[in-house]
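Just below is one structure, and these are the notes that go with it.
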Amino acid sequence: LKPVNLAFKSGEIHAIVGENGAGKSTLIKLLTGVMPRTSGDVIWEGKPEALATPHEAMALGINAVHQEVVLCRHLTVAANMFLGEENSRFGILQQRAMVKDAQKIIDGLGFDLPAHVMLGDLTIGQQQLIAAARATVRGTKFLIFDEPTAYLTRKEADQLFTLIRRLKGEGVTIIYISHRMEEV
Numbered sequence: 602l603k604p605v606n607l608a609f610k611s612g613e614i615h616a617i618v619g620e621n622g623a624g625k626s627t628l629i630k631l632l633t634g635v636m637p638r639t640s641g642d643v644i645w646e647g648k649p650e651a652l653a654t655p656h657e658a659m660a661l662g663i664n665a666v667h668q669e670v671v672l673c674r675h676l677t678v679a680a681n682m683f684l685g686e687e688n689s690r691f692g693i694l695q696q697r698a699m700v701k702d703a704q705k706i707i708d709g710l711g712f713d714l715p716a717h718v719m720l721g722d723l724t725i726g727q728q729q730l731i732a733a734a735r736a737t738v739r740g741t742k743f744l745i746f747d748e749p750t751a752y753l754t755r756k757e758a759d760q761l762f763t764l765i766r767r768l769k770g771e772g773v774t775i776i777y778i779s780h781r782m783e784e785v
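In structure tokens:
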């Protein structure tokens with residue numbers, strides 16, 4: 602990736618368009634702590650940040666929805682929504698509460714998807730919508746969508762675009778990466 606200077610404000614939507622090999626994926630990895638920077642700085646809310654790990658990035662509110670679904674297909678939709686932040690009481694997972702909470706979030710986003718089924722039972726497009734829904738419940742302030750419509754039907758893509766507009770209205774900064782000019 603060649604040197605780049607980017608500045609974003611809260612609630613903006615930016616598109617990054619480029620051919621394969623242009624550095625889009627590298628940029629995502631740098632911003633989400635997946636790949637270490639070899640030079641340069643990331644200034645977040647006025648302070649330099651290392652972004653050395655994905656956990657650091659997520660703690661700051663930086664998240665990504667990747668083209669390839671990176672969730673656990675052998676777990677329920679609800680378990681995926683709260684993976685790493687499971688609802689438990691006395692060390693026992695509260696499955697019913699997680700399903701109820703996940704369904705409320707999914708319904709609130711306008712997605713007609715069940716929270717109690719195994720993620721692997723959904724289509725790839727539906728799994729992508731769940732990945733987007735999951736990103737919204739983690740205090741996300743800066744959300745990167747990497748080729749998010751690659752596997753979506755037209756209806757699913759419309760639902761995703763509605764979600765993006767809603768997030769913008771809530772002050773979330775969106776980076777939309779695509780090679781499809783008609784989407785940006």
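Numbering (my numbering), first residue to last: 602 to 785.
The beta carbon of each residue, even a glycine, is placed where N, CA and C say it ideally should be.
Keep in mind the model is a prediction, meaning the values are calculated, not measured.
ask   = Residues in its own chain within less than 7 Å of T754 by CB, not counting five upstream and five downstream?
value = Excluding positions up to five away in sequence, the list reads G726.
key: Own chain, CB closer than 7 Å to R638, minus 5 neighbours either side, in chain order   = When the five nearest sequence neighbours on each side are left out, the beta carbons in the same chain lying within less than 7 Å of the beta carbon of R638 are those of L631, in order along the chain.
query = Span of the alpha helix (DSSP H) holding V635?
reply = Counting along the chain, V635 falls outside any alpha helix (DSSP H), and DSSP gives it neither H nor E.
query = Exposed or buried, what is P749 when buried is set at 16 or more other beta-carbons lying within 10 Å of its beta-carbon?
reply = Buried, because 16 or more other Cβ atoms sit within 10 Å of the Cβ of P749.
task = Reducing DSSP to helix, strand and coil, say where L764 ends up.
result = If DSSP states are grouped into helix, strand and coil, L764 belongs with the helices.
request  = If I'm right that A736 touches A703 with Cβ under 8 Å, what's the distance once you round it to whole angstroms?
outcome  = Not quite, the Cβ-Cβ distance comes to about 13 Å (not below 8 Å), so this is no contact.
query = Is the number of C-beta pairs between the stretch 615 to 629 and the stretch 641 to 650 that are closer than 8 Å three or more?
reply = The stretch 615 to 629 makes no contact with the stretch 641 to 650: fewer than 3 CB pairs, one atom from each, lie closer than 8 Å.
request  = Within 10 angstroms of the Cβ of K625, are there 16 or more other Cβ atoms? Answer buried if so, exposed if not.
outcome  = The residue in question, K625, is buried, as its Cβ has 16 or more Cβ neighbours within 10 Å.
ask   = Just how far apart, CA to CA, sit S611 and I778?
value = In a straight line, the C-alpha of S611 is about 18 Å away from that of I778.
query = CB G662 to CB K742, shorter than 8 Å?
reply = Judged by their CB atoms, G662 and K742 are nearer to each other than the 8 Å cut-off.
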